[in-house]
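Student: Dropping the structure in here first, questions after.
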């Protein structure tokens, strides 16, 4: 963690795993490293086989380091699975797969946490070792555990998401520990920066990846008192989620599969909304400034183009003054 | 842990790592599995990268399962090192090497201990999964940490042994936690068995591998009240240790490199001593019953032959009655 105030325009991205990390990568390519802080969901964190696993932080770190496994969609490229073979031989849990090299991340994180280092410190250390330039910060250094009430009962997040492949019907989602958690200090500092230029909510699952952060009272307050425009990028394109169970969960929670439902979800927290060109006909009905552009990030160029579009949108919102921005 | 009393003649082996495990393997080949209990040193146990590592227990389990890496002298055969590559990339500690499949053992052990299982329970579970027939029991379920006072200061055992390759000059050895530790329950049960036939101290390092057990007051009492002969097999052959720093440590502690020093070390705890044929000329000077035989265990046949010799020696000591046996 850098204690020194950063100089120059500061940008903040809030994100979960894969979808969010794509935009975070785009932002990292169009902003100097010292001007970008990526705040990452830790509601998915859990202990597995004695190790502290932070799936979204790792996805962001690996993606920004150019090490992510794009075939699997998680973990490290070129991964091997000898550890898992050993776990299976010993009758251990095989439902959550940990690659041999990925395991080094978890082991070092666990050891550092056991020594009393904060998750922020561990994340900064790992980012440094992986050559990740932007500041990557967990949403909180306190433990927050997402739990899902389903038609199969209450499930820990990873049991629901990986163990049951998000198949159970979601009735409610809880973030255990969030009400007593504090935002990570580095997050507080950057949101209080005089030269904060914008806050971008990445196209992550609002219910699973962004809500854990919003469930922290201190985060609600930080965003309510924001000194710069906050925008969200749609996780829905043409009524479908690009990846993951966003649309499925929305349907199960009785929400229309429409970008307006996403905007409603972020009501009062965002000053602008980015929707996909295929949803151009929905733009007029939105009751806040919006930007219609390509949000499908298939290539690195897509990622940087969407990142540039987000920066430009925030700048325009800021120029329009407090009324337009709030 | 089996709660049921075992039927038939019971044998107990006390051992540390590699040297002891060779004789334990021999014993496992000449005794029915239900008649052999192997009590293993845990003074070398430590936490590394967040994981509970029990080096001697693992050496015994892997050796008895036929999975040990005989080239390295530790770990699993056919091991890979991708995890260690990951640890090095992340700047983690590389001085203690953990193989990808070996890691599964540590991770499962750590997870089970974290859930509140005892080390005895974990060891029984792992033994079962690896198809190890004899009962393998840690000397204690309580934490005991060997520390070495050296000319470089006080070192944790693995720092001394692996990190510094046993190079520092040993001044004293301590077993932190031993005075308050209890013998493992399964060990107490087998030592109290009516049909206990013999206790064999394997050719492990007396100062590093057997003393941790002897530093536990309850173990001293169990051995003092033994209901069957206890013998020790020499770790010294021709004034040299077959493996490891036994001779070096003896010299540093000011002891003569002679089997008599080993016998003195085990004074009042053993009823007989097994020395190597090359030390035949030393047998006469020993003040207790002894057996001269080949103690070098190069082949499996060597191991089973030494095991048979130990069993026969104990039986003869027992037949000679309490005077000879005590």
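Chains as they are written, first to last, in this note's numbering: chain Z, 1 to 326; chain D, 1001 to 1326. Cβ coordinates follow ideal geometry from the N, Cα and C atoms, glycine included.
#1: In chain D, which residues lie less than 9 Å from residue 85 of chain Z when you measure between Cβ atoms?
#2: What did DSSP end up calling residue 101 of chain Z once you bin it into helix, strand or coil?
#3: Within 9 Å (strictly less), CB to CB, does residue 298 of chain Z reach chain D?
#4: Rounding to the nearest angstrom, what Cα-Cα distance links residue 1014 of chain D and residue 1165 of chain D in this structure?
#5: Of all Cβ atoms in chain Z, is any one closer than 9 Å to the Cβ of residue 1051 of chain D?
#6: Cα separation between residue 1117 of chain D and residue 1106 of chain D?
#7: Is the shortest distance between the beta-carbon of residue 246 of chain Z and the beta-carbons of chain D less than 9 Å?
#8: Starting from the Cα of residue 115 of chain Z, find the closest Cα among D/1143, D/1275, D/1048 and give me that residue.
#9: Going along chain D in order, which residues have a C-beta closer than 9 Å to the C-beta of residue 156 of chain Z?
#10: Quick one: grab the DSSP three-state call for residue 1148 of chain D.
#11: Between residue 85 of chain Z and residue 94 of chain Z, what straight-line distance do the alpha-carbon atoms span, to the nearest angstrom?
#12: When we look at the beta-carbon of residue 1194 of chain D and count the other beta-carbons within 10 Å, is it buried (16 or more) or exposed?
#13: Whose C-beta lies closer than 7 Å to the C-beta of residue 1082 of chain D among residues of the same chain, with five residues either side of it excluded?
#14: Which residue spans inside the segment 274-319 of chain Z form an unbroken alpha helix (DSSP H) run of at least 4?
#15: Which class does residue 1039 of chain D belong to by DSSP, given the choice of helix, strand or coil?
#16: Assign residue 1068 of chain D to one of two classes, buried (16 or more other C-beta atoms within 10 Å of its C-beta) or exposed (fewer than that).
#17: Which residue's Cα is closest to the Cα of residue 299 of chain Z: Z/22, Z/180, Z/186?
#18: Looking only at its own chain, which residues have a Cβ that is under 7 Å from the Cβ of residue 1338 of chain D, when we skip the five neighbours before and after it?
#19: List the residues of chain D that residue 92 of chain Z touches, going by C-beta distances under 8 Å, in chain order.
#20: Output the distance between the C-alpha atoms of residue 1255 of chain D and residue 1236 of chain D, rounded to the nearest integer angstrom.
#21: Kindly indicate if chain D contains any beta-carbon less than 9 Å away from that of residue 1 of chain Z.
#22: For residue 1268 of chain D, name the three-state secondary structure that DSSP assigns.
#23: Would you mind stating whether residue 136 of chain Z and residue 61 of chain Z have Cβ atoms separated by less than 9 Å?
#24: Hey, does residue 1129 of chain D have any beta-carbon neighbour from chain Z nearer than 9 Å?
#25: With DSSP collapsed to three states, give me the class of residue 207 of chain Z.
#26: Alpha carbons only, please: which of D/1190, D/1176, D/1188 is nearest the one belonging to residue 1211 of chain D?
#27: Identify each residue in the segment 67-83 of chain Z for which the Cβ-Cβ distance to at least one residue of chain D is less than 7 Å, and report them in chain order.
#28: Taking only beta-carbon atoms, is residue 62 of chain Z less than 9 Å away from chain D?
#29: By the criterion of Cβ-Cβ separation under 7 Å, what are the contact partners of residue 1126 of chain D in chain Z?
#30: Return the CA-CA distance between residue 1325 of chain D and residue 1262 of chain D, expressed in angstroms with no decimal places.
#31: Report yes or no: do the segment 239-251 of chain Z and the segment 26-40 of chain Z share at least 3 C-beta pairs separated by less than 8 Å?
#32: Is the shortest distance between the beta-carbon of residue 47 of chain Z and the beta-carbons of chain D less than 9 Å?
#33: Apart from the five residues just before and just after residue 1341 of chain D, which ones in its own chain have a Cβ nearer than 8 Å to its Cβ?
#34: Got a sec: is the Cβ-Cβ distance from residue 1114 of chain D to anything in chain Z below 9 Å?
#35: Compare the C-alpha of residue 1270 of chain D against each of D/1198, D/1230, D/1313, D/1185 and name the closest.
Tutor: A quick look at the data gives this:
#1: Against chain D, the beta carbon of residue 85 of chain Z has neighbours under 9 Å at 1100, 1101, 1104, listed in chain order.
#2: Three-state DSSP puts residue 101 of chain Z in coil, outside helix and strand.
#3: Output row for residue 298 of chain Z: interface = no.
#4: The C-alpha of residue 1165 of chain D is placed about 24 Å away from the C-alpha of residue 1014 of chain D.
#5: Closer than 9 Å: yes.
#6: Their Cα atoms are separated by approximately 14 Å.
#7: Residue 246 of chain Z does not count as touching chain D.
#8: That would be D/1048, whose Cα lies nearest to the Cα of residue 115 of chain Z.
#9: Residues of chain D with a Cβ closer than 9 Å to the Cβ of residue 156 of chain Z do not exist, since the nearest Cβ in that chain sits about 15 Å away.
#10: It is a strand residue.
#11: Using only the alpha carbons, I get a separation of about 9 Å.
#12: Exposed: under 16 other Cβ atoms inside 10 Å.
#13: So the qualifying residues of the chain are 1100.
#14: Listed in chain order, they are 300-319.
#15: DSSP, read as helix, strand or coil, puts residue 1039 of chain D in strand.
#16: It is buried - the Cβ of residue 1068 of chain D has at least 16 other Cβ atoms within 10 Å.
#17: Ranking Z/22, Z/180, Z/186 by Cα distance to residue 299 of chain Z puts Z/22 first.
#18: The question about residue 1338 of chain D has no answer here: the residues shown for chain D are numbered 1001 through 1326.
#19: The answer, in chain order, is 1104, 1107, 1108, 1111.
#20: Going from the Cα of residue 1255 of chain D to the Cα of residue 1236 of chain D covers about 13 Å.
#21: Low confidence applies here, because residue 1 of chain Z scores a pLDDT of 40, under 50, leaving its location unreliable and the question unanswered by this model.
#22: In the structure shown, residue 1268 of chain D sits in coil (DSSP, three-state: anything other than H, G, I, E or B).
#23: Between residue 136 of chain Z and residue 61 of chain Z, the C-beta spacing is below 9 Å.
#24: Cβ-Cβ to chain Z under 9 Å: yes for residue 1129 of chain D.
#25: In the structure shown, residue 207 of chain Z sits in a helix (DSSP, three-state: H, G or I).
#26: It is D/1176.
#27: 80, 82, 83: these are the residues of the segment 67-83 of chain Z whose beta carbon lies less than 7 Å from some beta carbon of chain D, given in chain order.
#28: Output row for residue 62 of chain Z: interface = no.
#29: Simply 90.
#30: With a pLDDT of 40 at residue 1325 of chain D, under the threshold of 50, the predicted position of this residue should be treated as unreliable, and no value is reported.
#31: No: the two stretches stay apart, fewer than three of their Cβ pairs being nearer than 8 Å.
#32: So yes, residue 47 of chain Z belongs to the interface.
#33: Lying before the first or after the last residue shown, residue 1341 of chain D is absent from chain D, which here runs from 1001 to 1326.
#34: Residue 1114 of chain D counts as touching chain Z.
#35: Ranking D/1198, D/1230, D/1313, D/1185 by Cα distance to residue 1270 of chain D puts D/1230 first.
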